[in-house]
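A short worksheet on the structure shown next.
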Amino acid sequence: MNLLVAVDFTDLTNPLLQLAKSIASLHSGKVYLLHAVEPILLFPLPESFSISTIDFQLVAEAQEKSKKLAEEKLKGLVNYLSPLEVQTIVEVGDPVEVILQKEDMADLVLMGSHKKGLIERVLIGSTAEKVARYSKKPVLILKGKLVESFRKVLIAFDYSSYSEKALEFAVKLLRPMKPEIILLHVKETLEIPLVEHIKSSVSEVYEREKEVYLRNRVESLQAEGITASYKFVETGLYLSVWEAIVNQAKEEDVDLIVLGSKGMSALERVLLGSVSEKVLRRSEIPILIHRETA
């Protein structure tokens with residue numbers, strides 16, 4: 000399993016490298032260390048201001064200097080990842096665009112997420128959030144807890160094809176770490192305008208079928224030697240699905256949250272966002288988002 004590790008030389012770099020080394024070593028994978036150098040932008044100026052060829056040359060030289068400095072820093076990080084096979088990549092451009100352009104090189108994108116203020120989260124979002132939103136690859140985002148391995152994992156499960164695929168990928172990725180796996184299903188309040196006894200009957204049958212299915216999934220994991228269990232929680236009147244996931248992750252003291260995600264239209268992203276994005280914004284626990292692709 001090959002990893003694309005996006006580093007920005009902040010305090011998140013060392014924890015990212017530690018986790019990347021652990022995962023790549025367990026899967027005999029190659030690590031692509033990627034750094035995106037932010038382009039130097041020239042803003043439009045009044046006609047009274049002129050930009051000469053020399054000015055453009057200075058900008059180009061400064062950009063090249065930044066790129067070479069990043070290349071030297073990446074070379075210094077390669078030694079830590081020894082004896083793994085490592086390739087360094089430095090590109091000039093928006094970090095989100097650069098990561099998405101290079102993601103096909105790997106099976107998993109690994110990156111960190113910095114804390115942001117409320118206004119910045121609402122209006123802008125983070126690089127990690129944008130990559131998770133548009134990436135066609137699984138994205139593991141390190142935040143809050145700094146870990147080299149995962150001992151206890153919460154996998155949100157809603158019986159959809161994308162939660163099934165997220166579970167399959169997580170088991171493949173994490174099996175060598177031998178973690179405890181908890182399958183969590185969040186039951187949303189069933190609001191159907193039926194006669195009360197019919198409504199109750201439909202709900203009971205539906206919930207029994209779901210529990211049997213989830214129990215069978217857990218038993219199949221246990222048959223593979225994986226410590227696994229399942230849990231049902233209800234949203235109730237004042238609790239959303241994403242809040243239930245975040246709360247359960249804290250209550251169970253897990254090291255990782257795994258979420259399956261389906262693609263959304265641009266309008267849905269603007270108006271609603273997704274459960275995975277809301278969990279990513281609010282949780283302080285590392286998150287693996289697996290997006291189902293066509």
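Numbering that gives the first Met the number 0 applies: residue 0 is where the sequence shown begins, and numbers increase by one. C-beta atoms are modelled at their ideal positions from N, C-alpha and C, and glycine is treated no differently.
As a beta-bridge residue in DSSP terms, residue 110 pairs with 140. The C-beta of residue 9 has fewer than 16 other C-beta atoms within 10 Å across all chains shown, which makes the residue exposed. For residue 91 against residue 38, the beta-carbon gap comes to about 5 angstroms, under 8 angstroms, which counts as contact.
For residue 161, the uninterrupted alpha helix (DSSP H) segment begins and ends at 160-173. Annotation: residue 25 is outside any beta strand (DSSP E); the continuous alpha helix (DSSP H) that includes it extends over 12-26. Contact check for residue 254 and residue 129: beta-carbon distance about 24 angstroms, past the 8 angstroms limit, so the pair fails to qualify. In this structure, DSSP gives residue 55 a helical state, which the three-state scheme calls helix.
Within the same chain, Cβ atoms closer than 8 angstroms to the Cβ of residue 141 are found at 11, 14, 15, 18, 109, 110, 111, 112 and 285, the five residues on either side in sequence being excluded. By the criterion of a C-beta distance shorter than 6 angstroms, residue 165 is surrounded in its chain by 257, 259 and 289, once the five residues flanking it on both sides are discounted. Here residue 287 is buried: its Cβ has 16 or more other Cβ atoms, across all protein chains shown, within 10 Å.
Inter-segment contact for the region 167-182 and the region 201-211 is absent: fewer than three beta-carbon pairs are separated by less than 8 angstroms. About 21 angstroms separates the Cβ atoms of residue 86 and residue 135, ruling out a contact at the 8 angstroms cut-off. Within the same chain, Cβ atoms closer than 6 angstroms to the Cβ of residue 220 are found at 227, the five residues on either side in sequence being excluded. DSSP links residue 259 through a beta bridge to 289.
Boundaries of the alpha helix (DSSP H) harbouring residue 126: 126-133, taken from the DSSP string. In its chain, beyond the 5 residues on either side, 16 have a beta carbon closer than 6 angstroms to the beta carbon of residue 79. Taking a C-beta distance under 9 angstroms as the contact criterion, residue 2 and residue 105 qualify as a contact pair. Per DSSP, residue 219 has no beta-bridge partner at all.
With contacts defined by Cβ atoms closer than 9 angstroms, residue 22 and residue 145 do not form a contacting pair. Boundaries of the beta strand (DSSP E) harbouring residue 5: 2-5, taken from the DSSP string.
Taking 3 residues as the shortest admissible run, the region 55-102 contains the following complete beta strand (DSSP E) segments, listed from N- to C-terminal end: 85-91. Residue environment: residue 82 is assigned as exposed (fewer than 16 neighbouring CB atoms within 10 Å of its CB, all protein chains considered). Leaving aside the five residues that flank residue 99 on each side, the residues in its chain whose CB is nearer than 8 angstroms to its CB run, in chain order, 130, 133 and 134. A straight-line Cα-Cα distance of about 23 angstroms links residue 217 and residue 139. Measuring C-alpha to C-alpha distances from residue 212 to each of 127, 158 and 238 identifies 158 as the nearest. Residue state for residue 36 is assigned as strand, using DSSP reduced to three classes. Going by C-alpha positions, residue 160 is about 9 angstroms away from residue 261. A direct Cα-to-Cα measurement between residue 210 and residue 93 gives close to 45 angstroms.
The C-alpha of residue 154 is placed about 21 angstroms away from the C-alpha of residue 26. C-alpha of residue 273 to C-alpha of residue 125: approximately 15 angstroms in a straight line. At least 9 angstroms separates the beta-carbon of residue 89 from that of residue 4.
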